[in-house]
Amino acid sequence: MRKAKINVPNPSSEQVENYLRAWNELENYHLQEDALDKLFFTLCPKNVDMSDILLKVAALNDFYSTNIFSVYPVAKHILSLNIDDRLETGDVALVSDIQKVTINGVEKNFYSFATKYCSHHCPLDFPIYDSYVEKMLCYFRDRDKFASFKTSELKDYAKFKGTLIDFRSFYGLDQYDLKKIDKYMWQLGKEYFPKSYGKKKVHKEQ
């Protein structure tokens, strides 16, 4: 049997507003975001105390199911990087520094987690990479040619962020910050490219 052709509505301010409203009406989404905002912005805004970083890594890992089975070495790695000044300046290279962590002699690559960790400190400067967002960027690339990139290049964070900005500009959505574009794109991907396995706890997967 041939698969039905996927036909996603054209990106527009009306579409973005619809999905932002949907986000706010889903209690588990926005309440978990509120809890993380309280943790990252109010309770533990800095990254100079190991216990603060551990709390943030553990909360992200649980809420987002990022499959980090040992949070301590990840937190220790983040502490060693002295990241606060780089977060404030929006240094996109920080993501690649955070994402590679050696655990029990094996180098792990926590790319999606690293984007989340930075984003929850500075959401306007660090959009979240997620498989759903990747699928939507590739879909619109193939359909509308809004940009030219290889799918694998989205694992380069500077390229990923630049592609999201290109997407926003191409469809006339510059009035929306990258956090709002992220919420729109993630829901769109979840709706049109659903995963075939069981539900995750929250809204973004590794």
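Reading the sequence shown from the start, the letters are residues 483 to 688 in the working numbering. C-beta atoms are modelled at their ideal positions from N, C-alpha and C, and glycine is treated no differently.
From this set, the options, which residue's C-alpha is nearest residue i's C-alpha?
i	options	result
L646	I663, K637, S634 and T571	I663
N492	L563, D659, F652 and L508	F652
A640	N586, V615 and F608	F608
E499	Q657, K672 and K677	Q657
L563	L542, Y546 and A596	A596
D544	K598, K665 and L619	K598
K528	E635, N506 and D567	D567
K661	I585, S634, H559 and E515	E515
F592	L619, S552 and C620	S552
F642	K665, V574 and Y621	V574
I585	I565, Y554, K520 and Q497	Y554
L655	N489, V490, K487 and Q497	Q497
Count the other CB atoms within 10 Å of the CB of residue i; is the residue buried (16 or more) or exposed (fewer)?
i	result
K686	Caution applies to K686, whose pLDDT of 44 falls short of 50 and renders its modelled position unreliable; the value that the coordinates give is listed next. It is buried - the Cβ of K686 has at least 16 other Cβ atoms within 10 Å.
L513	exposed
L606	exposed
F649	buried
M532	exposed
S594	buried
V530	exposed
K672	buried
M483	The pLDDT assigned to M483 is 42, lower than 50, so where the model puts this residue is not dependable; a value taken from the coordinates is nonetheless given after this. When all chains shown are included, M483 counts as exposed.
I550	buried
Taking DSSP as the reference, what is the three-state secondary structure of residue i?
i	result
V615	helix
V583	strand
V553	helix
K487	coil
E687	With a pLDDT of 40 at E687, under the threshold of 50, the modelled position of this residue cannot be trusted; read the value that follows with caution. Correct three-state label for E687: coil.
Y679	Residue placement at Y679 is poorly supported in this model, since its pLDDT is 45, which falls under 50; the coordinates are not used for a value here.
V588	strand
K627	coil
S494	coil
L561	helix
N529	coil
C620	helix
K672	helix
F523	helix
L502	helix
L606	coil
K665	helix
What do you reckon, are the CB atoms on residue i and residue j nearer than 7 Å?
i	j	result
C526	L569	no
D612	W668	yes
V556	V583	yes
V577	C600	yes
K617	F675	yes
L561	I535	yes
L502	H602	no
K741	W505	Nothing can be reported for residue 741, as the shown portion of the chain is limited to 483 through 688.
Would you mind reading off the limits of the alpha helix (DSSP H) that contains residue i?
i	result
K598	Y593 to S601
L508	Neither: L508 is in no alpha helix (DSSP H) and is coded neither H nor E.
T645	Y639 to F652
L536	M532 to Y546
Y658	First-last for Y658: undefined, no H or E at that position.
D719	Nothing can be reported for residue 719, as the shown portion of the chain is limited to 483 through 688.
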